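Undergrad:
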Amino acid sequence: MKVLTVFGTRPEAIKMAPLVKLLSRTPGLEHRSCSTGQHRQMLDQVLDFFEITPDYDLDVMQPGQNLTDLTCRVLQGMREVLDNFRPDWVLVHGDTTTCMATSLAAFYAGVKVGHVEAGLRTGNLQSPFPEEANRLITDRLASAYFAPTQHNADNLLRENIDGTRIVLTGNTVIDALLWAKEKVTGFSERVPATVQEVFRNNRRVLLVTGHRRENFGDGFKQICEAVRTLAVRFPKLAIVYPVHLNPNVQQPVQQYLTDIPNVYLTAPLEYPDFVYAMKHSWVILTDSGGVQEEAPSLGKPVLVMRDTTERPEALEAGTVQLVGTDGQRIVDRIEELWESEDAYKQMATGTNPYGDGEASGRIISFLKYSG
Ligand code: UD1
Ligand code: UDP
Numbered sequence: 364m365k366v367l368t369v370f371g372t373r374p375e376a377i378k379m380a381p382l383v384k385l386l387s388r389t390p391g392l393e394h395r396s397c398s399t400g401q402h403r404q405m406l407d408q409v410l411d412f413f414e415i416t417p418d419y420d421l422d423v424m425q426p427g428q429n430l431t432d433l434t435c436r437v438l439q440g441m442r443e444v445l446d447n448f449r450p451d452w453v454l455v456h457g458d459t460t461t462c463m464a465t466s467l468a469a470f471y472a473g474v475k476v477g478h479v480e481a482g483l484r485t486g487n488l489q490s491p492f493p494e495e496a497n498r499l500i501t502d503r504l505a506s507a508y509f510a511p512t513q514h515n516a517d518n519l520l521r522e523n524i525d526g527t528r529i530v531l532t533g534n535t536v537i538d539a540l541l542w543a544k545e546k547v548t549g550f551s552e553r554v555p556a557t558v559q560e561v562f563r564n565n566r567r568v569l570l571v572t573g574h575r576r577e578n579f580g581d582g583f584k585q586i587c588e589a590v591r592t593l594a595v596r597f598p599k600l601a602i603v604y605p606v607h608l609n610p611n612v613q614q615p616v617q618q619y620l621t622d623i624p625n626v627y628l629t630a631p632l633e634y635p636d637f638v639y640a641m642k643h644s645w646v647i648l649t650d651s652g653g654v655q656e657e658a659p660s661l662g663k664p665v666l667v668m669r670d671t672t673e674r675p676e677a678l679e680a681g682t683v684q685l686v687g688t689d690g691q692r693i694v695d696r697i698e699e700l701w702e703s704e705d706a707y708k709q710m711a712t713g714t715n716p717y718g719d720g721e722a723s724g725r726i727i728s729f730l731k732y733s734g
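Take any residue in the sequence shown, count from 1 to its spot, add 363: that is its number in my numbering.
The following block contains the structure:
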């Protein structure tokens, strides 16, 4: 059996890395990996940490890329890879343009698609944009569905997906997190000294990340204003913000958040450094999907700057709350957590609804027995 794994962005690489590593050690199948290069620096950071060298690299990233051009470049590049390797299965991940365009390329080439992290839904095509559409398209084209949770499997069943093709696996994000946690004992020297210092000084650290397309423009302006307000109202709070490289994020953040003494802007942190930062932060403020899954198992409260989430499990467990991008709501919630130990404790409970770290093994077992 020939299996091709495909990834292109930072989170796909993190979540596919354990699977890629396990596939390359599995006897009886031929495995190759392909990076579309939808991200460049942020992807390469992850591949270096997990010691993965892709067999193919489409290198599609262009500064400020738009969805149409990106989709075309992935679609065309994948055609050649599929012609060259002729796999039986293509494994894609999640909800990115890499995932959707690769699934379409595989469908055109008559190759079966296995969707890792299948079945996540908000039910709103505009949020997250374009990810909700990417998930739906990928799940129309797939032949195997690796659902992280029962909730995700139920979503697929409701869409009349054949239950024998759905496998409940847990999320590979936990496979990756357990692997990283083992290795991480402190920050690497690449983390700026000022950032290392705030964590060493036992200050309360608010860790911030953000990149959602539907928040570009007004949403990001409001997020930055909320961060500014927090910095002024809580001078003892340290706000550490590794800024995503998307120019639509860089621009407002650099405009509104430089030169505030307790706001520490950094380049994106390498994955192990980010895991260490999450572990030692007080609260996390984010619009990230992956961070919503990782932080609960580290016992960290997460405020999500979105109106919807496709990850209701941690919401139900109480460690994650939706705060949207309304500045006042963000500030009010942080204030409550700052002042009330009870409110903080209610959210800071270690819970892990996303798996046991064995998701990659379950995916490979299914492939082996399905033929
Ligand atoms: C992409 C995914 C999103 C995912 C996110 C994870 C799509 C449509 N979006 O969003 O689902 O949650 O990645 O971070 O698939 N850039 C760099 N270097 C990098 C990475 C990005 O310079 O290493 C800049 C480039 O100018 C690039 C831009 O960011 O054009 C946007 O990258 P893109 O992948 O299109 O969008 P993201 O916002 O990163
Ligand atoms: N992450 C990282 N460095 C950072 C910020 C995030 O390695 O500076 C990791 C984080 O641990 C998680 C993933 O990147 O695994 C989330 O990526 P992102 O938020 O870009 O995408 P999403 O999960 O929203 O698709």
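Where a beta carbon is used, it is the ideal one built from N, C-alpha and C, also for glycine. Note that the coordinates shown come from a computational prediction; the quantities given were computed from them, not determined experimentally.
Excluding sequence positions up to five away, which residues of its chain have a Cβ less than 6 Å from the Cβ of Tyr604?
TA: Val571, Leu628
Undergrad: Can you grab the Cα-Cα spacing for the pair Thr712 / Pro491, in whole Å?
TA: 27 Å
Undergrad: Phe579: which of Asp650, Glu522, Glu375 sits nearest, CA to CA?
TA: For the residues Asp650, Glu522, Glu375, the minimum Cα distance to Phe579 belongs to Asp650.
Undergrad: Relative to the alpha-carbon of Leu632, which residue among Asn497, Val479, Val409 has its alpha-carbon at the smallest distance?
TA: Val409
Undergrad: Regarding Thr572 and the ligand UDP, is the C-beta to nearest heavy atom distance less than 7 Å?
TA: yes
Undergrad: If the criterion is Cβ atoms closer than 8 Å, does the pair Gln404 and Leu608 meet it?
TA: yes
Undergrad: Answer with buried or exposed for Thr548, where buried requires no fewer than 16 other C-beta atoms within 10 angstroms of its C-beta.
TA: exposed
Undergrad: Throw me the rounded Cβ distance for the Gly482 and Ala516 pair, which I believe falls under 8 Å.
TA: Contact annotation, Gly482 with Ala516: C-beta distance approximately 6 Å; criterion of less than 8 Å satisfied.
Undergrad: By alpha-carbon positions, which one of Asn523, Tyr732, Met364, Leu531 ends up nearest to Arg503?
TA: Asn523
Undergrad: Would you decide whether Leu488 is buried or exposed? Buried here means 16 or more other CB atoms lie within 10 Å of its CB.
TA: Counting Cβ neighbours within 10 Å, Leu488 comes out exposed, since fewer than 16 surround it.
Undergrad: Consult DSSP for Arg575 and reduce its assignment to one of helix, strand or coil.
TA: coil
Undergrad: Can you look up Val437 in the DSSP assignment and give me helix, strand or coil?
TA: helix
Undergrad: Among Glu495, Val479, Lys599, which has the Cα closest to the Cα of Val626?
TA: Lys599
Undergrad: For Phe345, which of Asn564, Gln614, Pro555 has the nearest alpha-carbon?
TA: The chain is shown only over 364 to 734; residue 345 falls outside these bounds and no answer can be derived.
Undergrad: Identify the continuous beta strand (DSSP E) that holds Ile602 and give its terminal residues.
TA: In the DSSP assignment, Ile602 falls within the beta strand (DSSP E) that extends over 601-605.
Undergrad: On the three-state DSSP scale, how would you describe Pro415?
TA: In the sequence as displayed, the identity of residue 415 is Ile instead of Pro. Correct three-state label for Ile415: coil.
Undergrad: Could you tell me if the beta carbon of Arg373 falls within a distance shorter than 7 Å of some heavy atom in the ligand UD1?
TA: yes
Undergrad: How would you call Asn497, buried or exposed, if buried means at least 16 neighbouring beta carbons within 10 angstroms?
TA: buried
Undergrad: Scan the stretch 489-571 and note each continuous beta strand (DSSP E) run of 3 residues or more that stays entirely inside, going in chain order.
TA: 507-510, 529-531
Undergrad: So what's Gly477 in DSSP terms, helix, strand or just coil?
TA: Note: Gly477 maps to strand in three-state DSSP.
Undergrad: For Gln684, which residues does DSSP report across the bridge?
TA: Bridge partners of Gln684: Leu666.
Undergrad: When the distance is taken between beta carbons, is Ile647 closer than 8 Å to Leu385?
TA: no
Undergrad: Check the DSSP bridge columns for His456 and list the partner residues they point to.
TA: Val479
Undergrad: In terms of DSSP beta bridges, what is Thr649 paired with?
TA: Per DSSP, Thr572, Val667.
Undergrad: Beta-carbon separation of Lys378 and Glu443 under 8 Å?
TA: no
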